[in-house]
Amino acid sequence: MSAGGAPALSPEEGLARALALGLSEQEYELLCERHGRPPNLLELAMYSLMWSEHCGYKHSKLLLRTLPSAGPAVVVGPGENAGALDIGGGLVCSLKVESHNHPSAVEPFQGAATGVGGILRDIVALGTRPAAVLDSLRFGLPTSARSRYLLDGAVRGIAHYGNCVGVATVGGELYFEAPYERNCLVNVMAIGLARREELLSSAARGPGNTLLLFGARTGRDGIGGASVLASTTLADEEHAQRPTVQVGDPFAGNKLIDCALALRDAQLLIALQDLGAAGLTSACSEMAAKGGVGLDIDVARVPLREAGMEPFEIMVSESQERMVAVVAPERVGQALAICERYEVEAAAIGSVTDSGCLRIFDSELLLGTLPVRALVDECPLYELRPQPPARPAPAASLATGTEQRCGADPPAQLRSALLALLASPNIASRAPLFEQYDCLVGGRTIRRPAEADAALLALPDGGALALSIDGNGRRVAADPYRGTLEVLLECAANLACVGAEPIGATDNLNFGDPERGEVAWQLCESVRALGDGCRALGVPIVSGNVSLYNESAQGPIHPTPVVGMLGRLERPCAGARIGFAGAGAALALLGPFAPSLRSSELARLRGEEQEGLPELDLAAVVAAQRALRAALAQGRLQSAHDISDGGLAVALAECVLASGLGARIDLRRVLEHLARIGAAECKEGARGLSAAETALFGEGPGGFLVSGEEASLTELAAGAPLMIIGGVGGEALVIEGIGGPGEEGALALEISALRAAYASLAELFT
Amino acid sequence: MAGRRARAGAVRARVLIRPKAGILDPQGGAVARALPALGFEGVHEVHVGRMIELEVDDPSTVGAMCERLLANPLVEDYEIELLG
Amino acid sequence: MAGRRARAGAVRARVLIRPKAGILDPQGGAVARALPALGFEGVHEVHVGRMIELEVDDPSTVGAMCERLLANPLVEDYEIELLG
Amino acid sequence: MRIGVVRFPGSCDHRDTIAAASAVGEAVELWHADRDLRGADAVIIPGGFSYGDYLRAGAIARFAPVMEAVGELAAAGGPVLGICNGFQVLCEAGLLPGALLPNISLRFRCVDVRLEVSNPRSPFLAAVPAGAALRIPAKHSIGRYYAPAGMLRELEERGQVILRYAPGESFNGSVERIAAVSNAAGNVMGMMPHPEHAVRERDGSADGRLIFASLRSAVAATGAGAAAGSGSAR
Ligand SMILES: Nc1ncnc2c1ncn2[C@@H]1O[C@H](COP(=O)(O)OP(=O)(O)O)[C@@H](O)[C@H]1O
Ligand SMILES: [Mg+2]
Chain G
1 MSAGGAPALS PEEGLARALA LGLSEQEYEL LCERHGRPPN LLELAMYSLM WSEHCGYKHS
61 KLLLRTLPSA GPAVVVGPGE NAGALDIGGG LVCSLKVESH NHPSAVEPFQ GAATGVGGIL
121 RDIVALGTRP AAVLDSLRFG LPTSARSRYL LDGAVRGIAH YGNCVGVATV GGELYFEAPY
181 ERNCLVNVMA IGLARREELL SSAARGPGNT LLLFGARTGR DGIGGASVLA STTLADEEHA
241 QRPTVQVGDP FAGNKLIDCA LALRDAQLLI ALQDLGAAGL TSACSEMAAK GGVGLDIDVA
301 RVPLREAGME PFEIMVSESQ ERMVAVVAPE RVGQALAICE RYEVEAAAIG SVTDSGCLRI
361 FDSELLLGTL PVRALVDECP LYELRPQPPA RPAPAASLAT GTEQRCGADP PAQLRSALLA
421 LLASPNIASR APLFEQYDCL VGGRTIRRPA EADAALLALP DGGALALSID GNGRRVAADP
481 YRGTLEVLLE CAANLACVGA EPIGATDNLN FGDPERGEVA WQLCESVRAL GDGCRALGVP
541 IVSGNVSLYN ESAQGPIHPT PVVGMLGRLE RPCAGARIGF AGAGAALALL GPFAPSLRSS
601 ELARLRGEEQ EGLPELDLAA VVAAQRALRA ALAQGRLQSA HDISDGGLAV ALAECVLASG
661 LGARIDLRRV LEHLARIGAA ECKEGARGLS AAETALFGEG PGGFLVSGEE ASLTELAAGA
721 PLMIIGGVGG EALVIEGIGG PGEEGALALE ISALRAAYAS LAELFT
Chain F
1 MAGRRARAGA VRARVLIRPK AGILDPQGGA VARALPALGF EGVHEVHVGR MIELEVDDPS
61 TVGAMCERLL ANPLVEDYEI ELLG
Chain S
1 MAGRRARAGA VRARVLIRPK AGILDPQGGA VARALPALGF EGVHEVHVGR MIELEVDDPS
61 TVGAMCERLL ANPLVEDYEI ELLG
Chain C
1 MRIGVVRFPG SCDHRDTIAA ASAVGEAVEL WHADRDLRGA DAVIIPGGFS YGDYLRAGAI
61 ARFAPVMEAV GELAAAGGPV LGICNGFQVL CEAGLLPGAL LPNISLRFRC VDVRLEVSNP
121 RSPFLAAVPA GAALRIPAKH SIGRYYAPAG MLRELEERGQ VILRYAPGES FNGSVERIAA
181 VSNAAGNVMG MMPHPEHAVR ERDGSADGRL IFASLRSAVA ATGAGAAAGS GSAR
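Chains G, F, S and C, in that order, give the protein sequences. Read in order, the letters of the first sequence correspond to residues 1 to 766 in my numbering. Read in order, the letters of the second sequence correspond to residues 1 to 84 in my numbering. Read in order, the letters of the third sequence correspond to residues 1 to 84 in my numbering. Read in order, the letters of the fourth sequence correspond to residues 1 to 234 in my numbering.
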């Protein structure tokens, strides 16, 4: 017995256990070497978690190092529990996005609820008070009962936790695509606020200091969760994983947050760390690694919820609502008193040492000794072996396809396409979802969901923060590089629509099995685009998360990088709304918008082959966003909305629905504009239904629909192409000059018809 | 419903649903902490669950109802009582 | 808890709490609507209530606990079962 | 005027309520475990999820030590306003009639609602212009007001129904669209919508300010009684 009380393992037994715990034979051998001897069972359990994909980032760390993470506003970059940015006025804003995909696929309510709890504790660990949550969700098609069940459970779970814990959920996004059927994605982003001097680090310091565990008691929740739930492909038999379900307790979470911040205010915390995946093992390893110290932990002092827990269970339990802090020994009494006031249980479970090791005790008995460096820094890193896919044979031309279907009545064709798009679950109003979230608590919310493209939160100095979270897996699947650029640009466009300039971002890389060549290629392309795009936008990535092995028997999910962006603006702009402000305003198309039906939502609805994405001019799109921000800041605009899924016509309908005011545009002017800026699929002289469809429903970055007085719109043409295409007013959405047979044809849709189509998600939440 | 008769041909059934052993029961915990504060000492092991009462024509189907809808087998145990 | 033994000296008690007759029970209604959709026909009169299980040293106090905390007598009926 | 805002474990809207109340007086936090009202002339029990809403919303909070002092203030005629969870707590505590049950949709919902004034003489509406309707956000999953038929009749007769949701806006299914009720003396009111989230132009509506502004006259109307601890203010 090498380390006291824990059972030693023979080499054969050790290898067998290691394999069962998800390590490879080579990894086990490396581990024995780094550990200095074969680990005992407790040690092996801890290594297997720290060397898992989830904690060790084995397949992504090398790639992540290529992302830009520095910038003048960066206060805390990647490596801490969350990133943090200077937002002026002595304040910092923390941000981070996390995934809870596999737990949510097994038990959507608890999976999503604990996802919210987890990300909030990352924000608190930095010493910042949570200020807002955003959610990014992906499910299979809503025609599937399983998808509807997962959607309903996840939304209820987020609402349950977020509402009850008392943090506003101010934004998010939702897509339905078949590849997520058995592996839904539940990503949650949070931000927090603090004065700069209040920031905390997770680096344990000062040998002799006390390790204080506080919050909920430790039970057998999620034992093995980090390695089993997060790093292996979901078996069809989800039931095998039953015992690992963690239950969230937002009431305990609420008390824990207040307690942690009260400890911060009393300046008792030398270090603070949340307990997430891999529980005490990961929390203590990281605190020790960051501080370059060792830690002694006594499992006998950990308050337990259940009798008879094994030391290894205590060390790997993922019980929710717990945090661990380093406190000077003479101030432990004061810390315990604060915990008691907040009705939060606390216990001194160990101390900081200069041993460089985690030493696990059961009272006097030493159970294991693990060099921190071996646990944290020596986890093997793997180079990906990307394998670009063989290009699919080009599918039949879309133009031909639509022409075949068009018949003799273009207005009727376009009308039904627009209504179908508005009713598409990927586009329809998200109100039935977000109305289940408290978006007001905290008293900062200036723009609620769907009022503007980004959420806006008021700051004490009269300025505001803008927030957006975006991702479009289907378009990333069609072209991982351009698709990922589009994700970044969409996020920045949403911020631009409220007048905010991005100052930092967080990302979540949701991909399949990176050991597959094609997935590796998607991941590499996507990260390359993240780097290029962020550099073009001047936005550092200060935190993030990687979720790999999102696969089912049907194959990998769409590659789904999700980006959350934070923007700052000096003062909220009056025109920063989707809805029109009043009849009589002129309506303009702004930006280098070059729409294409390739891989568009309309193509998806028609079941057409996804065939790549149109080219994009990064610099021109970035310039258009800058022009839009300037126009908003100068008060020249009455409304602004970016053109996204479903194209110009859907954006227009959304402006109409948000305000209840009709609009009239002349499609000939749109086509003229597109021809002028060289949009390939709307070449000069393009005529007929296919040109109209491309102009109305084609997608691509860089387009904004803005309204305002005609004179102030035309003056703003500097910096980005702009064309007045119509005006605000009336009772309907009217599109004139459709072309094709019946050249003079106009399309008119009553607002009530638009509204009925747009309300299609309500039936998913009855 | 207690004491009531079921409609002709139907059977009254009661399903008791409780958090699985070992799964966190925050409600039970909250009640357990509240009771002593009200002067009720000597209370141990409080658990809060749900009760569903129904009248069924075919009582043999209640188990399947529990599995598919009434309970969440991942986190809950259930028990069926047929009351006649 | 079912089938489990109470600790020495304590008695297991079960409190069943149901919405008073005549008060709209949307939870019961939701279950009643969902069951046929899953193919379970022949279900009538579904009601959803709460179940609280506890171990008490003095079972005579459970009634007072119900009156004061566990049930809201304005909208709920309760029933106590002592399980020994 | 000093306004005490109670804070229970699990309260969420106490900070926003203190901020809103600060516009009309000196707002102080009242800690649930203290019996002391810190000299408050009026008390607000804010929204949130006291004790996680476990068991029943408000059921556990009503036993907090601070509630004894709140009960004494109420008995002495001092103004007590419960917002959302505060309304639930006051019903559970027996300081207000009726109960709040789960929304008929069984879902949490956060939307602006329009409110009609049902009893313009309530001191909690003193600052609301005659004939005005209010637009204030509501956000809850347990907000369906219920009172048995006999009690309801009495409430209507005595003018204890203070606010109603406008027709078509009672998403929670409250009986008679009731959004706010008072006790018989009129000095305790509970309302489901959140006036503290409608106090600035940036909130989309500032109608909630009227409720806070009314507290001043509510205190003036009853203040002497409260100080003297004279049972009823009727
Ligand atoms: N895709 C990514 N981009 C940038 N930073 C990342 C990414 N994924 C993870 N990180 C950073 O790596 C560190 C470890 O992440 P993680 O293990 O998820 O933290 P935690 O355990 O606190 O949830 C964090 O600082 C996180 O912000
Ligand atoms: Mg963390």
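Just so you know, even glycine gets a beta-carbon here, dropped at the ideal spot from N, CA and C.
query, result
"Length-filtered (4 minimum) alpha helix (DSSP H) runs lying within the stretch 70 to 156 of chain G", "101 to 106, 108 to 125"
"Nearest-angstrom Cβ-Cβ length linking A520/G and R385/G, presumed shorter than 8 Å", "6 Å"
"For Y437/G, three-class secondary structure by DSSP", "coil"
"Three-state secondary structure (DSSP) of K20/S", "coil"
"Close beta carbons around C12/C, own chain, < 7 Å, minus the five adjacent residues each side", "G47, G48, F49"
"Any non-hydrogen atom of ligand 3 within 7 Å of P36/S CB", "Summarising the ligand content, the structure contains ligand 1 and ligand 2 and does not contain ligand 3."
"Rounded separation between S147/G and Q436/G - CA only", "18 Å"
"Residue of L713/G, G512/G, V92/G, G219/G minimising C-alpha distance to G727/G", "L713/G"
"Buried/exposed call for R421/G, threshold 16 Cβ in 10 Å", "This sequence places Leu at residue 421/G; Arg is not what is there. Buried, by the Cβ-count rule."
"Length at least 3, wholly inside the stretch 623 to 673 of chain G: the beta strand (DSSP E) runs in chain order", "639 to 642, 663 to 666"
"Contact with chain G by P195/C, beta-carbon distance below 8 Å", "no"
"Nearest-angstrom Cα separation, counted from L37/C out to V128/C", "28 Å"
"Contact with chain C by P36/F, beta-carbon distance below 8 Å", "no"
"Outcome for E26/C when other beta-carbon atoms lying within 10 angstroms are tallied against a minimum of 16", "exposed"
"Near-chain C residues of the stretch 156 to 167 of chain G - C-beta to any C-beta below 7 Å", "A159, N163, C164, G166"
"Pairwise C-alpha distance: F312/G and A529/G", "41 Å"
"Within 7 Å of chain F by C-beta, residues of the stretch 36 to 64 of chain C in sequence order", "Y51, G52, Y54, L55, I60, F63"
"Residue closest to T210/G, alpha-carbon to alpha-carbon, out of Y180/G, A168/G, V165/G, D298/G", "D298/G"
"CA nearest to the CA of A412/G, picked from P39/G, L44/G, G745/G, L31/G", "G745/G"
"Chain C within 8 Å of C439/G, Cβ atoms only", "yes"
"Sufficient close CB pairs (3 or more, under 8 Å) joining the stretch 120 to 139 of chain C to the stretch 213 to 224 of chain C", "yes"
"Neighbourhood of R121/C by C-beta, 7 Å cutoff - its chain only, sequence neighbours within 5 removed", "G159"
"Beta-carbon gap between G140/G and E181/G smaller than 8 Å", "yes"
"Given 8 Å, three or more beta-carbon pairs between the stretch 50 to 61 of chain S and the stretch 68 to 75 of chain F", "no"
"Collapsed DSSP secondary structure at D13/C in the structure displayed", "coil"
"Which of helix, strand or coil DSSP assigns to R405/G", "Any reading at R405/G is ruled out, since the residue's pLDDT is 47, under 50, leaving its predicted position unreliable."
"Run of the beta strand (DSSP E) containing N510/G, from where it starts to where it stops", "501 to 510"
"Unbroken beta strand (DSSP E) run spanning W31/C, endpoints", "26 to 31"
"Backbone secondary structure at S227/G - three-state DSSP", "Residue placement at S227/G is poorly supported in this model, since its pLDDT is 39, which falls under 50; the coordinates still yield a value, given next. Helix."
"Buried or exposed (CB count within 10 angstroms, at least 16 for buried), Y47/G", "buried"
"Closest Cα partner of I87/G within the set L275/G, L566/G, A277/G, A216/G", "L566/G"
"Spatially closest choice to P371/G from I360/G, E364/G, E736/G, by CA coordinates", "I360/G"
"Contact check, A154/G vs P207/G, beta carbons under 8 Å", "no"
"Distance between D122/G and G531/G (C-alpha atoms, nearest Å)", "24 Å"
"Local Cβ density within 10 Å of V170/G, reported as buried at 16 or more and exposed below that", "buried"
"Short CB-CB distance (under 8 Å) between V75/F and chain G", "yes"
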